[in-house]
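**Student:**
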Amino acid sequence: MEFAKNNDLFSQNINQSEVFPVSFKELEKEAKESMAAGAFGYVQSGAGGEETLQRNIASFSKYAIVPRFLKDVSTLDTSITLFGRTYPYPLLIAPVGMQKIAHVDGEIATAKAAAAIGIPFIQSTVSSYSIEEIAEATADSPKWFQLYWSSTDEEISYSMVKRAEEAGYEAIVLTVDTVVIGWREEDVRNQYSPLKQGFGKANYETDPVFMSSIPMNDFDSVIQGILDNIQHPALNWEKVAELKKRTSLPILLKGILHPEDAKLAVANGIDGIIVSNHGGRQLDGVIASIDALPAIVEAVEGKMPILFDSGIRRGSDIVKAIALGADAVLIGRPFMYGLAVGGQKGVEKVLENMLQEMKVSISLAGVTKLKDLRNLIIKNPHSVF
Ligand code: FNR
Numbered sequence: 563m564e565f566a567k568n569n570d571l572f573s574q575n576i577n578q579s580e581v582f583p584v585s586f587k588e589l590e591k592e593a594k595e596s597m598a599a600g601a602f603g604y605v606q607s608g609a610g611g612e613e614t615l616q617r618n619i620a621s622f623s624k625y626a627i628v629p630r631f632l633k634d635v636s637t638l639d640t641s642i643t644l645f646g647r648t649y650p651y652p653l654l655i656a657p658v659g660m661q662k663i664a665h666v667d668g669e670i671a672t673a674k675a676a677a678a679i680g681i682p683f684i685q686s687t688v689s690s691y692s693i694e695e696i697a698e699a700t701a702d703s704p705k706w707f708q709l710y711w712s713s714t715d716e717e718i719s720y721s722m723v724k725r726a727e728e729a730g731y732e733a734i735v736l737t738v739d740t741v742v743i744g745w746r747e748e749d750v751r752n753q754y755s756p757l758k759q760g761f762g763k764a765n766y767e768t769d770p771v772f773m774s775s776i777p778m779n780d781f782d783s784v785i786q787g788i789l790d791n792i793q794h795p796a797l798n799w800e801k802v803a804e805l806k807k808r809t810s811l812p813i814l815l816k817g818i819l820h821p822e823d824a825k826l827a828v829a830n831g832i833d834g835i836i837v838s839n840h841g842g843r844q845l846d847g848v849i850a851s852i853d854a855l856p857a858i859v860e861a862v863e864g865k866m867p868i869l870f871d872s873g874i875r876r877g878s879d880i881v882k883a884i885a886l887g888a889d890a891v892l893i894g895r896p897f898m899y900g901l902a903v904g905g906q907k908g909v910e911k912v913l914e915n916m917l918q919e920m921k922v923s924i925s926l927a928g929v930t931k932l933k934d935l936r937n938l939i940i941k942n943p944h945s946v947f
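Residue 692 in this note's numbering sits at position 130 of the sequence shown; the count goes up by one each step and never skips.
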C-alpha cells in the first residue's frame, strides 16, 4: 500500500469546476429539492419520536480529540485490512435499500462510486438492482451482500447468499436489528412504502427459490411475497450458526449494541460486527451508536473487526469512531443525498469531501497511522450530556 503524501491536503478541494454542497446540512437541503417528498422523508426520518436519530448526531460532541504536535505527519497511511483484503480508507458504503427512490441509476451509481475510490459497497437485500446486475457493472471491485433473513422459507436466504458468492461478493452482512420494521411516523404520514411500489424487488424477482414460493409470476404476487418474507421475528443464534455452516464467506452481524451480544458473536465464531442502531430507524430510544462502541470494543478484546455506523456526517466523526476503537465506519444518508443530487458523481463527491476532511483531521491530530488514534480521545468534560 502506497502512503499518501500529505501535500495534497492543503488544496482543500477548492479547485472544483462546479459547486457541490459541502456540509451535510447543505447536502440534505439540496437532496430534499431533488427528491419526491415521500422518498426524501423515507431517507431522512427516524423511528418514533426520532430521539435516537438526534442522539446519534449529538453524542459525537461528547468526545473530544486531544491532538499531539511536532510528530512529522508528512506521510499518512489510512489503509485498513479486513478479511484479507486491504482498502485505502476505513470507510464502507452502508447497505441502503431501494436506491432508485433517490436516482434512476440507484445502486449501480453508488457501487461505481465506491469502486472508483476503492472502498467496499454493501448491497442491501432490498436493492433496486440485482446482485448480478451490480456485479456486472462493477467487475471485481469490493462488494459485500447484506442479508435480511427470509422468514417464509430459509432456503431463499441461502439462495441469495449463494448468488452473492457466485457473483464474487466477499462478505455477508446479516442485519439483526430489523426483526420487525421500525415505527416510522413520516412514512405513515406520507403513506409511503417504496417496497410496495416495487423499488426493492430486484433480488427477489431474479431468485428461483423465491419465485417458486409465490403463487403467480406477477407484480402483486412478488410484492406480497416480499412483504410476507421481509420481517423475521424468529431469527436467533441457532439460525445464525446454520448460516455460518452454509457459506464460506465471512459473516458480520449488523446492529449490535450490547456488549453481551458482541461476546456471543465471538463465541459463535462470527467474523465481525457492525455497531449500529440502523441510523435511528428501528427502535427509538436506544443508545447512540457511538456511546455503545467503547464497551463493545472492550468486550471483544480484539478478537474480530468492529465496524461502526449511525451518525457519521464528516471526516472528524470517522476519526472519533476509530479513536474509540472501530476498525472502519459505514455511512448511509450522506451518500444517499449525494446520489439524489448528482448520481454517481454526487456519491463520489460526498466520499471525496468526507475522506479529505478525515485525512486533514488525522494529520492535525498528530497521527500518521489509524491505530495511533486510539489514545487521543477523551470524554468531553464540558459536555452538556
Ligand atoms: C438503511 N439502512 C439499511 N440497513 C440494512 O441493513 N439494510 C437495508 O436495506 C437498509 N436500508 C436503509 C434505507 C435507508 C433509506 C437508510 C437511511 C438506511 C441502515 C443503514 O445501513 C445504516 O445503518 C444507517 O444508514 C447508518 O446511519 P446514517 O449514516 O444514515 O446516520
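Beta carbons are placed, not taken as given, at the ideal position from N, Cα and C, and that holds for glycine.
Closer than 7 angstroms: is that where the CB of His794 sits relative to any heavy atom of the ligand FNR?
**Tutor:** Within the sequence shown, numbered from 1, the residue matching residue 794 stands at position 232. Flag unset: Cβ of His794 not near the ligand FNR.
**Student:** At a threshold of 7 angstroms, does Asp782 count as lining the ligand FNR (C-beta to nearest heavy atom)?
**Tutor:** Mapped onto the sequence shown, residue 782 falls at position 220. No.
**Student:** Below 7 angstroms CB to CB, which residues in the same chain sit around Ile813 once its five sequence neighbours on both sides are set aside?
**Tutor:** Here the question's residue 813 lines up with position 251 in the sequence shown. Excluding residues within five positions, the ones whose Cβ falls inside 7 angstroms are Ile734, Leu736, Leu805, Lys806, Ile832, Asp833.
**Student:** Could you tell me the alpha carbon to alpha carbon distance between Glu564 and Leu932, rounded to whole angstroms?
**Tutor:** The sequence position of residue 564 within the sequence shown is 2, counting from 1. The sequence position of residue 932 within the sequence shown is 370, counting from 1. With a pLDDT of 42 at Glu564, under the threshold of 50, the modelled position of that residue is not reliable, and the figure given next carries that caveat. Whole-angstrom Cα-Cα distance: 15 angstroms.
**Student:** CB-CB under 6 angstroms to Thr508, same chain, minus the five flanking residues each way: which ones, in chain order?
**Tutor:** Absent from the model: residue 508. The displayed extent of the chain is 563 to 947, so no value can be given.
**Student:** In the DSSP assignment, the alpha helix (DSSP H) including Leu1005 goes from what residue to what residue?
**Tutor:** Outside the shown range of the chain, which is 563 to 947, sits residue 1005, and nothing can be said about it.
**Student:** Just to confirm, does Met898 get its C-beta within under 7 angstroms of one of the non-hydrogen atoms of the ligand FNR?
**Tutor:** Residue 898 sits at position 336 when you count from the first residue of the sequence shown. Yes, the ligand FNR has a heavy atom inside 7 angstroms of this Cβ.
**Student:** Got a sec: does the ligand FNR put a non-hydrogen atom nearer than 7 angstroms to the Cβ of His820?
**Tutor:** Within the sequence shown, numbered from 1, the residue matching residue 820 stands at position 258. For the ligand FNR, not one heavy atom lies less than 7 angstroms from the Cβ of His820.
**Student:** Can you find at least 3 beta carbon pairs, one from the stretch 600–608 and one from the stretch 909–917, that sit closer than 8 angstroms?
**Tutor:** Taking 8 angstroms as the limit for Cβ pairs, the verdict is that the stretch 909–917 does not touch the stretch 600–608.
**Student:** So, for Val738: in the same chain, excluding its five sequence neighbours on each side, which residues have a beta-carbon less than 6 angstroms away from its beta-carbon?
**Tutor:** By 1-based counting over the sequence shown, the position of residue 738 is 176. Excluding positions up to five away in sequence, the list reads Leu815, Gly817.
**Student:** Cβ of Gly841 within 8 angstroms of Cβ of Glu612?
**Tutor:** Position 279 of the sequence shown, counted from the first residue, corresponds to residue 841. Position 50 of the sequence shown, counted from the first residue, corresponds to residue 612. In this structure, Glu612 does not lie closer than 8 angstroms to Gly841 by Cβ.
**Student:** Is Ser838 near the ligand FNR, judged by its Cβ being under 7 angstroms from some heavy atom?
**Tutor:** Locating residue 838 in the sequence shown gives position 276, counting from the first residue. Checking the Cβ of Ser838 against the ligand FNR gives yes.
**Student:** Does any heavy atom of the ligand FNR sit closer than 7 angstroms to the C-beta of Arg507?
**Tutor:** Because the chain here runs from 563 to 947, residue 507 falls outside it and cannot be looked at.
**Student:** Bridge partners for Tyr625 per DSSP, in chain order?
**Tutor:** Translated into positions along the sequence shown, residue 625 becomes position 63. According to DSSP, which records beta bridges pairwise, Tyr625 is partnered with Lys941.
**Student:** Using only the heavy atoms of the ligand GTP, determine whether one of them is closer than 7 angstroms to the beta carbon of Gly841.
**Tutor:** By its list of ligands, the structure shown excludes the ligand GTP, since it contains just the ligand FNR.
**Student:** Contact check, Tyr649 vs Ile681 under 8 angstroms by CB: the rounded distance?
**Tutor:** Position 87 of the sequence shown, counting from 1, holds the residue named residue 649. Position 119 of the sequence shown, counting from 1, holds the residue named residue 681. Tyr649 to Ile681, Cβ: 6 angstroms. Contact.
**Student:** Quick test of your reading: Val605 and Met898, contact by CB under 8 angstroms. State the CB separation rounded to the nearest angstrom.
**Tutor:** Residue numbering aside, residue 605 sits at position 43 when the sequence shown is read from its first letter. Residue numbering aside, residue 898 sits at position 336 when the sequence shown is read from its first letter. Their Cβ separation, rounded to whole angstroms, is 5 angstroms, which keeps Val605 and Met898 in contact under 8 angstroms.
**Student:** Contact check, Pro821 vs Ile858 under 8 angstroms by CB: the rounded distance?
**Tutor:** Mapped onto the sequence shown, residue 821 falls at position 259. Mapped onto the sequence shown, residue 858 falls at position 296. Correct: roughly 5 angstroms between the Cβ atoms.
**Student:** According to DSSP, is Val723 helix, strand or coil?
**Tutor:** The residue you call residue 723 lines up with position 161 of the sequence shown. Val723 falls in the helix class under three-state DSSP.
**Student:** Exposed or buried, what is Ile940 when buried is set at 16 or more other beta-carbons lying within 10 Å of its beta-carbon?
**Tutor:** Start at 1 with the first residue of the sequence shown, and residue 940 comes out as number 378. Per the 10 Å Cβ criterion, exposed.
**Student:** Measure the C-alpha to C-alpha separation of Glu910 and Ile874 and round it to an integer number of angstroms.
**Tutor:** By one-based count along the sequence shown, residue 910 stands at place 348. By one-based count along the sequence shown, residue 874 stands at place 312. If you take the alpha carbons of Glu910 and Ile874, they lie about 16 angstroms apart.
**Student:** With contact counted as at least three CB pairs below 8 angstroms, one residue from each stretch, are the stretch 753–768 and the stretch 686–700 in contact?
**Tutor:** Enough Cβ pairs lie closer than 8 angstroms, so yes.
**Student:** Phe947 to Val922, Cα distance in whole Å?
**Tutor:** Indexing the sequence shown from 1 puts residue 947 at position 385. Indexing the sequence shown from 1 puts residue 922 at position 360. Because the pLDDT at Phe947 is just 49, under 50, the model does not fix this residue reliably, and the point stays unresolved.
**Student:** Following the continuous alpha helix (DSSP H) through Gly834, name the residue where it begins and the one where it ends.
**Tutor:** As a working mapping, residue 834 is identified with position 272 in the sequence shown. It is not in any alpha helix (DSSP H) - Gly834 instead sits in the beta strand (DSSP E) that spans 834–837.
**Student:** Considering only the beta carbon of each residue, do Ile718 and Asn779 sit closer than 8 angstroms?
**Tutor:** Numbered from its first residue, the sequence shown carries residue 718 at position 156. Numbered from its first residue, the sequence shown carries residue 779 at position 217. No, the pair does not count as a contact, with Cβ atoms beyond the cut-off.
**Student:** If you draw a straight line from the C-alpha of Ala609 to the C-alpha of Glu747, how long is it?
**Tutor:** Walking along the sequence shown from the start, residue 609 turns up at place 47. Walking along the sequence shown from the start, residue 747 turns up at place 185. Spanning the two alpha carbons is a distance of roughly 7 angstroms.
**Student:** Could you spell out the range, first to last residue, of the alpha helix (DSSP H) harbouring Leu543?
**Tutor:** Past the edges of the chain, shown from 563 to 947, lies residue 543, and the structure says nothing about it.
**Student:** Taking only three categories from DSSP, how would you classify Phe645?
**Tutor:** On the sequence shown, position 83 is the one that residue 645 refers to. Correct three-state label for Phe645: coil.
**Student:** Rounded to a whole number of angstroms, what is the C-alpha to C-alpha distance between Glu727 and Asp702?
**Tutor:** Counting from one through the sequence shown, the residue named residue 727 turns up at place 165. Counting from one through the sequence shown, the residue named residue 702 turns up at place 140. C-alpha separation (whole angstroms): 13 angstroms.
**Student:** Can you check which of these residues, Asn942, Pro777, Lys705, is closest to Arg647 by C-alpha distance?
**Tutor:** Residue mapping note: residue 647 aligns to position 85 of the sequence shown, counting from 1. Measuring from the Cα of Arg647, the nearest candidate turns out to be Lys705.
**Student:** Using a Cβ-based criterion (distance less than 7 angstroms to any ligand heavy atom), does Leu892 qualify as near the ligand FNR?
**Tutor:** Within the sequence shown, numbered from 1, the residue matching residue 892 stands at position 330. Yes, the Cβ of Leu892 comes within 7 angstroms of a heavy atom of the ligand FNR.
**Student:** Does the Cβ of Gly659 lie closer than 7 angstroms to at least one heavy atom of the ligand FNR?
**Tutor:** As a working mapping, residue 659 is identified with position 97 in the sequence shown. For the ligand FNR, at least one heavy atom lies less than 7 angstroms from the Cβ of Gly659.
**Student:** Could you check which residue in Ala673, Phe761, Gln708, Leu709 has the C-alpha nearest to that of Glu695?
**Tutor:** The residue labelled residue 695 in the question sits at position 133 within the sequence shown. For the residues Ala673, Phe761, Gln708, Leu709, the minimum Cα distance to Glu695 belongs to Ala673.
**Student:** Any idea if Pro652 is buried or exposed, counting beta-carbon neighbours within 10 angstroms, 16 or more meaning buried?
**Tutor:** Translated into the one-based positions of the sequence shown, residue 652 becomes position 90. By the neighbour-count rule (16 or more Cβ atoms within 10 Å), Pro652 is buried.
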